[in-house]
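Residue numbers (numbering that gives the first Met the number 0): 0 to 146.
Glycine is no exception: its CB is placed at the ideal position from the N, C-alpha and C atoms.
No experiment lies behind these values; they were computed from the predicted model shown.
See structure below.
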Amino acid sequence: MRSVRMLERSGANAIQLEDQTYPKRCGHLRGKTLVPTAEMVGKLKAALDARHSDRTLVIGRTDALAVEGIDGAMQRARAYRDAGVDLLFIEGIRSDTDIERIMTEFRGQVPIMANMVEGGDTPLQNAAALQAQGFSLVIFPGAWYVP
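Printed below as a string of structure tokens:
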């Protein structure tokens, strides 16, 4: 994948591949559609193979929770883990029950990322609380927004 090599050469430390179809929608909005799991796994494997350094992280993101429910999201996350991603991102986690299920399955196998969007689907928590639950990375995309 030429894009992976170009991003890596330009200094990118991580590359996130998403399973939404084009055009992509915000993960906390309705109306998303997904590419087939096998297609996404192929893209992830291609990105992993294309990178020159294992220090360039390949993140496998799924928006399946909103489209296919927790079972579909877990199935996709397993497939992405098995493909060898460096980090899993299950977008739009809606409950502590879902967090517990995700962590029970993946903790210690692959790092998990959380997205704290103000007004989004995921209940807001601070970084320390998320780390205590097993998340390895948390992003706060709107934290610096001042209207």
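Boundaries of the beta strand (DSSP E) in which residue i is found, first to last residue
i          : result
valine 57  : 56 to 61
alanine 13 : 13 to 17
valine 137 : 136 to 138
Three-state secondary structure (DSSP) of residue i
i             : result
methionine 0  : coil
isoleucine 92 : coil
valine 40     : helix
valine 66     : helix
methionine 5  : helix
leucine 47    : helix
methionine 73 : helix
Pairwise C-alpha distance: residue j and residue i
i              : j                 : result
valine 34      : arginine 60       : 12 Å
alanine 45     : leucine 87        : 16 Å
alanine 126    : arginine 8        : 31 Å
tyrosine 21    : alanine 63        : 15 Å
glutamate 17   : methionine 39     : 8 Å
methionine 102 : leucine 6         : 30 Å
aspartate 120  : arginine 1        : 34 Å
serine 162     : phenylalanine 105 : The structure shown does not extend to residue 162, since the chain is modelled only from 0 through 146, so no value can be given for it.
8 Å Cβ shell around residue i - same chain, five flanking residues per side excluded
i            : result
valine 66    : Lys31, Thr32 and Leu33
valine 137   : Met112, Ala113, Asn114, Met115, Ala126, Leu129 and Gln130
aspartate 95 : Pro122
Where residue i falls, given that 16 or more other Cβ within 10 Å makes a residue buried
i           : result
glycine 91  : buried
arginine 75 : buried
Cβ neighbours of residue i in the same chain (closer than 7 Å, five flanking residues each side left out)
i          : result
alanine 37 : none
valine 3   : Ile14, Ala46, Ala49 and Arg50
The alpha helix (DSSP H) enclosing residue i, as first and last residue numbers
i             : result
glutamate 104 : 95 to 105
leucine 129   : 126 to 132
Same chain, Cβ closer than 6 Å to residue i, five either side skipped, listed in chain order
i           : result
glycine 133 : Met102 and Arg106
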